Each structure stands twice: as structure tokens, then as C-alpha cells.
Amino acid sequence: MRISTKGRYALRMLVDLAQHRNDGFIALKDIAERQNISKKYLEQIVPVLNKSNILRTNRGFQGGYMLAVSPDKITVGEILRLTEGSLSPLACIDDDNYIQCGRSEECSTLYVWQGLKKVVTEYLDGITLQDILDRQIEDYANDYVI
């Protein structure tokens, strides 16, 4: 399983919004600049995130984006399912597009792929944007030099 650029950039964008959640609506150009991501690329990601009610938007002079949900309520798994479509390593075990393989009854490796999906899903659903922020603070705190 590979995470696309869209998934990685969406996560970075949302972490940036979480970091600046007390600053009001944030312009996409500011996120793009801080994260070194093309504004055009972020513009392609925003509609996907808007459908999920993760973002609040405001148009006009003071326009921009902000999180509509607390960072401790948004998981990495949720973000990646929005951008990637699924976390399943194989189509035959994908919950959204369940495709019954003709061999599933006698597939000796099915349990391997189901186990992989379970581990990946539990791991990514166990990490919130707040966890990422907390880890950043911890990493910076341990970077103290005299």
C-alpha cells in the first residue's frame, strides 16, 4: 500500500490548520507557503476535505479555512480514507467495494491480507491530529541545547 501525494499533503494541510486553529481562518496561500506545497495542489485537495465536514470555509477578504472539528477528533485514518479511498491492501477485502473473489472460499492467504488491513486501520485510526501536535511539542522540547 502506498499513500499518494494527495494523502500526504492533505495530512500536512490539516496539521497546519490544527497548529494555527486559534488564528481564525487561514488563507490557502499561507498554508502552501509554510508547508512548501503548491497552492494549486491544495486547491485540488480542499473539495475532498470539504465533503467530510472537517473544514470550515469563509470567502472574501478575511477568507480561508479552519478546522470544523477539534484536532483530537480527526484521525489520520479518516483523512487517508478521504483522500485515498481505502486503506485496504487488496480490493477483495475492501469494505466499500467488497469484491467477492472466486477463490475466497479456499484462499489460504486471505487471513494475511485481512490481518494487514486490521493492523494498518487500527494504527492510523489511533493517531489524531492532536497526537501529531503533541509529538511535535515533545520533539521540540527535547531539542534544547545549552
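Throughout the sequence shown, residue numbering follows the numbering used here, covering 21 to 166 in sequence. C-beta atoms are modelled at their ideal positions from N, C-alpha and C, and glycine is treated no differently. Keep in mind the model is a prediction, meaning the values are calculated, not measured.
Any chain D beta carbon closer than 8 Å to residue i
i      : result
Gln134 : Among the chains in the structure shown there is no chain D, since it carries only a single protein chain.
In DSSP terms, what residue i is bridged to
i      : result
Tyr85  : Ile46, Thr77
Thr129 : Paired residue(s): none; Thr129 is not in a bridge.
Thr103 : Answer by DSSP bridge pairing: none, since Thr103 is not bridged.
Thr95  : Thr148
Beta-carbon proximity check, residue i vs residue j, cutoff 8 Å
i      : j      : result
Thr95  : Asp145 : yes
Leu69  : Ile51  : no
Ala88  : Arg79  : no
Tyr85  : Ile57  : no
Leu48  : Ile99  : no
Thr148 : Asp114 : no
Nearest to residue i (by Cα), restricted to the options the options
i      : options                     : result
Val132 : Leu110, Ile147, Ile57       : Leu110
Ile152 : Asp43, Ile65, Ser124, Gln39 : Gln39
Gly44  : Gln82, Asp159, Arg22        : Gln82
The ligand SAM heavy atom lying under 7 Å from the CB of residue i
i     : result
Gln55 : Absence of the ligand SAM from the depicted structure is noted, as is the absence of any ligand whatsoever, leaving it without description.
For residue i, three-class secondary structure by DSSP
i      : result
Thr11  : Examination of residue 11 is not possible in this model, given that the chain is present from 21 through 166 alone.
Cys112 : helix
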